[in-house]
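Start counting the sequence shown at 1189; every next residue gets the next number (the numbering used here).
A virtual CB, placed ideally from N, CA and C, is assigned to each residue, including glycine.
Worksheet: one structure, shown below.
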Amino acid sequence: MKKIVLRKGQGGFTLIELMIVVAIVGILAVLAVYGVRKYIANAKTAEARNSLGQIGKDASSAYERESMASTVMALGGSTGVVRRLCDSASVSVPAGSAAIKGQKYQSTPGEWSTDGATANKGFACLRFVMNDPQYFMYSYGATGTTGATGENFSSIANGDLNGDGTLSAFTIRGSIQTGTTGGMVLTLSPTINELNPDE
């Protein structure tokens, strides 16, 4: 059997040095978790940004759709082409924020077409629908549907990603303006307004 001989002055780590290393590793772990959580929240909010961008495009397309009076015209009469915003949606999808509180919600096609029986109204007029589960509740409202200058719309995506009851709000807006050639044009806000995006 061999004897283990300890040499004097042989180096090792002291308890304090080991505790400092453990503290540093702990701090780095906390920072990593925070960074990952922030990254995941940002990835989830991409749904709202993309969907509102699509709603803005759909509102522009709906505005450019030409419509005319559906009544019988008198002989020798005429009618003009009308461009107008879609009227406000009667319900949000989902109908309440409890359905998206810290979770995803799977909407039905019927929720998006609730206003389909009424011409020029809501998400049915926009022809907007979501087939995938969603983190956000979507609303659409318009302040006029005659096609006059100054009429506008806004669409809002509310979310509660962390489930604390405080809602985030992402909003896109559009407004009918007189163009440089005298015609009416629908212009969209250049960015989506964000309030409490990490909620």
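query                                                                                                         : result
Range covered by the alpha helix (DSSP H) that runs through I1243                                             : L1203 to E1252
S1255 - DSSP class collapsed to helix/strand/coil                                                             : strand
Straight-line gap, V1218 to R1237 (C-alpha atoms, nearest Å)                                                  : 29 angstroms
Under 8 angstroms between C-beta atoms of L1374 and S1255                                                     : no
Euclidean distance between Cα positions of T1233 and A1336                                                    : 34 angstroms
Alpha carbon of Y1323 to alpha carbon of D1246, nearest angstrom                                              : 21 angstroms
For Y1326 and A1345, believed in contact at Cβ under 8 angstroms, the rounded distance                        : 5 angstroms
D1266 burial status per 10 Å Cβ neighbour count (16 or more: buried)                                          : Correcting the residue identity first, residue 1266 is Ser in this sequence and not Asp. The residue in question, S1266, is exposed, as its Cβ has fewer than 16 Cβ neighbours within 10 Å.
At least three beta-carbon pairs within less than 8 angstroms, the segment 1286-1296 to the segment 1308-1315 : no
Contiguous beta strand (DSSP E) assignments of at least 3 residues, all confined to the segment 1314-1381     : 1324-1330, 1340-1347, 1356-1366 and 1372-1376
From S1343, I1364, N1384 and L1349, residue whose alpha carbon lies closest to that of I1228                  : L1349
Pairwise C-alpha distance: A1286 and G1298                                                                    : 19 angstroms
Rounded straight-line distance, which links the Cα of A1283 to that of T1366                                  : 35 angstroms
Per DSSP, the bridge partner or partners of L1263                                                             : Per DSSP, none; premise fails for L1263.
Endpoints, alpha helix (DSSP H) assigned at E1299                                                             : P1297 to W1300
Beta bridge counterpart(s) of D1275 as assigned by DSSP                                                       : K1309
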